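Peer 1:
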Amino acid sequence: MQQSQTDTQQETTLTDSRFLRACRRQPVDRTPIWLMRQAGRYMPEYRALREQYTILEIIKTPELARDVTLQPIDAFDLDAAIIFADILPPLEGMGLELDFVKGEGPVIYNPVRTPADVAALRTPPPSEALHFTLDAIRLTRQTLDQRGIPLIGFSGAPFTLAAYAIEGGSSKNHQRVKSFMMNEPDAWRELMTKFATVAGDYLLAQAEAGAHALQLFDSWVGQLSPDDYRQFVAPYSQQALEIASKADVPIIHFGTNTNGMLTDIRDAGGDVIGVDWRIDIDHAAQILGDGVAIQGNLDPIALFAEWGALKSRAQAVLDKMHGRDGHIFNLGHGILPGTPVDNVRRLVDFVHEYTG
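Remember, the working numbering sits 10 above the position in the sequence shown when you count from 1.
(1) Give a yes or no on whether the minimum CB-CB distance between L214 and chain C is below 8 Å.
(2) Please go through the same chain and pick out, in chain order, the residues whose beta-carbon is closer than 8 Å to the beta-carbon of R323, but skip the five residues on each side of it.
(3) Mind checking who V111 pairs with in its DSSP beta bridge?
(4) According to DSSP, what are the bridge partners of N340?
(5) Mark D281 as exposed unless 16 or more other C-beta atoms lie within 10 angstroms of its C-beta, in which case mark it buried.
(6) What did DSSP end up calling S369 once you bin it into helix, strand or coil?
(7) Find out if the Cβ-Cβ distance for the pair V117, D109 is shorter than 8 Å.
(8) In angstroms, rounded to a whole number, what distance separates the CA positions of R356 and L131?
(9) Per DSSP, T226 is paired with what?
(10) Could you tell me the distance, in whole angstroms, from the CA atom of E102 to the CA atom of A139?
(11) Counting pairs of Cβ atoms below 8 Å between the segment 213 to 224 and the segment 179 to 195, do you hit three or more?
(12) Given T23, which residues of its chain have a CB within under 6 Å of its CB, disregarding the five upstream and five downstream residues?
(13) If contact is defined by three or more beta carbon pairs under 8 Å, each pair taking one atom from either stretch, is the segment 202 to 222 in contact with the segment 249 to 265?
(14) Going by beta-carbon coordinates alone, are L346 and L45 separated by less than 8 Å?
(15) Grab me the residues of F242's own chain with a C-beta within less than 7 Å of its C-beta, minus the 5 sequence neighbours each way, in chain order.
(16) With distances taken Cα to Cα, identify the nearest neighbour of V208 among F142, G166 and D238.
(17) Output needed for I92: all residues of its chain with C-beta closer than 6 Å, excluding positions within five of it in sequence on either side, in chain order.
(18) What does a CB cutoff of less than 6 Å around G366 pick up in its chain, not counting 5 residues either side in sequence?
(19) If you follow the alpha helix (DSSP H) that I275 is part of, which residue opens it and which one closes it?
(20) Let's see if you can read the secondary structure: which residues bound the alpha helix (DSSP H) around V282?
(21) With a cut-off of 8 Å on the beta carbons, I'd call P375 and L149 a contact; round off their distance for me.
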């Protein structure tokens with residue numbers, strides 16, 4: 011009985027945490043902050059681990075994924091952790107051969123290029139294809155619960171998954187994926203339906219494993235025109251988010267270069283909309299309206315600046331959001347390799363000390 015009471019008290023503390031309150035647009039004592047890619051190459055602890063293991067080995071070993079997830083939590087006073095994973099392992103379960111090549115990044119050795127390739131893709135349940143991340147979430151919760159820190163799960167969005175699957179890796183102009191989208195409408199619908207199912211089921215499974223919030227990453231959607239987004243992408247992002255919403259946890263919907271389609275992204279779904287640094291955050295909030303929380307939006311390069319310059323840019327973001335419930339401080343994209351660790355620490359502390 012005592013254990014049950016303790017679990018209930020911990021869950022109440024987590025639910026009432028600064029980060030989750032901001033996701034629900036409730037008043038907070040301080041602006042919450044977490045940082046995309048807060049666990050990664052800029053941290054010496056992570057680099058030391060990478061000397062022994064590949065990225066995929068860390069992701070697929072729950073104990074290692076837990077340890078990396080906790081590295082920034084041990085180092086900084088962050089308001090949320092995000093499970094250490096990557097948006098691309100779901101592609102492996104679908105039948106694509108994935109590797110991370112030094113100097114190149116992710117590589118798909120059998121990319122999707124034809125309607126027959128689309129038809130061959132599987133949609134296995136996450137308990138089968140991504141059990142390692144679900145196990146990592148369960149393990150990580152055991153530590154985070156004691157600290158009252160919520161955990162975020164995540165997935166790539168259907169378009170971003172399609173971009174990697176078709177391009178075969180990173181791309182500057184996304185010629186192949188956009189051409190496929192335009193030239194093969196039937197196969198595109200089939201492909202995006204599969205990705206929506208995989209992403210939605212994966213998010214839902216992460217919440218069921220213990221994630222307190224979820225984020226859908228659409229890193230490459232800004233390559234599209236608003237019309238193409240509405241026609242070819244939004245219905246599938248909405249489908250994935252509707253599946254994930256069954257978990258009844260806050261969902262963050264994030265994309266980059268999306269200033270021309272913020273209302274469309276909002277309408278596709280999500281309790282929190284993430285915005286990058288290419289728009290004033292108060293202007294983004296005005297466009298989005300009061301029905302969603304907002305996350306962002308410091309330029310990651312600002313973390314390379316001297317503290318005075320970094321502080322002024324962080325304060326500008328906070329000033330623009332001052333008095334508005336539902337702001338989560340974050341970068342406009344992930345922390346970059348080489349970022350000074352001390353600047354991350356000072357930024358986190360400054361956001362918490364800010365009173366307007």
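The C-beta atom is built at its ideal place from N, Cα and C for all residues, glycine as well. These numbers were taken from a predicted model, which means no experiment stands behind them.
Peer 2: Reading from the atomic positions:
(1) No chain C appears in this structure, which consists of one protein chain only.
(2) Mapped onto the sequence shown, residue 323 falls at position 313. Only L308, D309, A312 and A315 meet the Cβ criterion.
(3) The sequence position of residue 111 within the sequence shown is 101, counting from 1. DSSP lists G115 as the bridge partner or partners of V111.
(4) Reading the sequence shown from its first residue, position 330 is the one you call residue 340. Looking at the DSSP assignment, N340 forms a beta bridge with N307.
(5) On the sequence shown, residue 281 is found 271 positions in, with the first residue counted as 1. It is buried - the Cβ of D281 has at least 16 other Cβ atoms within 10 Å.
(6) Residue 369 lies beyond the range of the chain shown here (11 to 366); nothing can be said about it.
(7) One-based indexing of the sequence shown puts residue 117 at position 107. One-based indexing of the sequence shown puts residue 109 at position 99. Contact flag set, yes.
(8) Here residue 356 refers to the residue found at position 346 of the sequence shown. Here residue 131 refers to the residue found at position 121 of the sequence shown. So the two alpha carbons sit approximately 46 Å from each other.
(9) Start at 1 with the first residue of the sequence shown, and residue 226 comes out as number 216. The sequence as given places Leu at residue 226; Thr does not occur at that position. Answer by DSSP bridge pairing, in chain order: S165 and H263.
(10) Within the sequence shown, residue 102 is the residue found at index 92, counting from 1. Within the sequence shown, residue 139 is the residue found at index 129, counting from 1. A139 has its alpha-carbon roughly 8 Å from the corresponding atom of E102.
(11) no
(12) On the sequence shown, position 13 is the one that residue 23 refers to. If we look at T23 and ignore the five residues flanking it on each side, its Cβ neighbours are G158.
(13) yes
(14) Position 336 of the sequence shown, counting from 1, holds the residue named residue 346. Position 35 of the sequence shown, counting from 1, holds the residue named residue 45. Their beta carbons are not under 8 Å apart, which means L346 does not touch L45 by this criterion.
(15) For the purposes of this step, residue 242 is taken as residue 232 along the sequence shown, with counting starting at 1. Closer than 7 Å at Cβ, skipping near neighbours: M191 and W198.
(16) Taking the sequence shown and counting its residues from 1, one reaches residue 208 at position 198. Cα-wise, what sits closest to V208 is G166.
(17) The count along the sequence shown starts at 1 and reaches residue 92 at position 82. Only I162 meet the Cβ criterion.
(18) As a working mapping, residue 366 is identified with position 356 in the sequence shown. Result list for G366: H332, in chain order.
(19) Here residue 275 refers to the residue found at position 265 of the sequence shown. I275 -> alpha helix (DSSP H) spans L272 to A278.
(20) Indexing the sequence shown from 1 puts residue 282 at position 272. Not the alpha helix (DSSP H): V282 falls in the beta strand (DSSP E), residues V282 to G284.
(21) The question about residue 375 has no answer, for the chain in this structure spans 11 to 366.
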